[in-house]
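One structure is given here, and the rest of the page talks about it.
In our numbering, the protein residues as written are 7 to 136.
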């Protein structure tokens, strides 16, 4: 992964039958070259999409980032509630508090890595479960 590092990967527990789950993390690009998160996959869901939430005219809108998530050189990009995040579409099983969900991240320049998301409580808003 070179100059890229992923930290504080977490998700929220889902109720039975939920059609989606979320994933959050920080991506630290300590290098001098911009990179991009291009794709995420996981055995825990039918597919995983990279999304962002934007405030447009007083309305929150969520959209998929089809071209990936830019990771500027020297910056930390936070995937967090109300901003960038991952959507695990059609989970293969409920995400239960205390479990770990693995996903494969593919970057434009840094290659691929597996990240383990810690599943927090259903109402968690931060990586430490609060």
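Glycine included, each C-beta is placed from N, C-alpha and C at the ideal position.
Anticipated Cβ contact below 8 Å, residue i with residue j, distance rounded
i           : j           : result
residue 49  : residue 113 : Not quite, the Cβ-Cβ distance comes to about 20 Å (not below 8 Å), so this is no contact.
residue 104 : residue 83  : Not a contact, Cβ separation roughly 27 Å.
residue 10  : residue 81  : Contact doesn't hold; Cβ gap of about 11 Å is too wide.
residue 70  : residue 57  : 6 Å
Euclidean distance between Cα positions of residue i and residue j
i           : j           : result
residue 44  : residue 52  : 17 Å
residue 29  : residue 37  : 24 Å
residue 25  : residue 12  : 26 Å
residue 22  : residue 100 : 6 Å
residue 149 : residue 119 : Residue 149 lies beyond the stretch modelled for the chain, which goes from 7 to 136, so this question has no answer here.
residue 54  : residue 72  : 12 Å
residue 34  : residue 90  : 14 Å
residue 102 : residue 27  : 11 Å
residue 85  : residue 92  : 8 Å
residue 75  : residue 63  : 23 Å
residue 39  : residue 95  : 31 Å
residue 121 : residue 110 : 6 Å
residue 14  : residue 87  : 13 Å
residue 106 : residue 47  : 15 Å
Paired residues, beta bridge with residue i - DSSP
i           : result
residue 101 : Beta-bridge pairing links residue 101 to no other residue.
residue 20  : Bridge partners of residue 20: none, in fact.
residue 13  : 32
residue 133 : DSSP lists no partner for residue 133.
residue 47  : 110
residue 58  : 69
residue 128 : Looking at the DSSP assignment, residue 128 forms no beta bridge with any residue, so it has no partner.
Environment of residue i [buried if 16+ CB atoms lie within 10 Å]
i           : result
residue 97  : buried
residue 65  : exposed
residue 79  : exposed
residue 31  : buried
residue 127 : exposed
*Kindly confirm or deny that the segment 116-135 and the segment 12-21 touch, where touching means at least three C-beta pairs closer than 8 Å.*
yes
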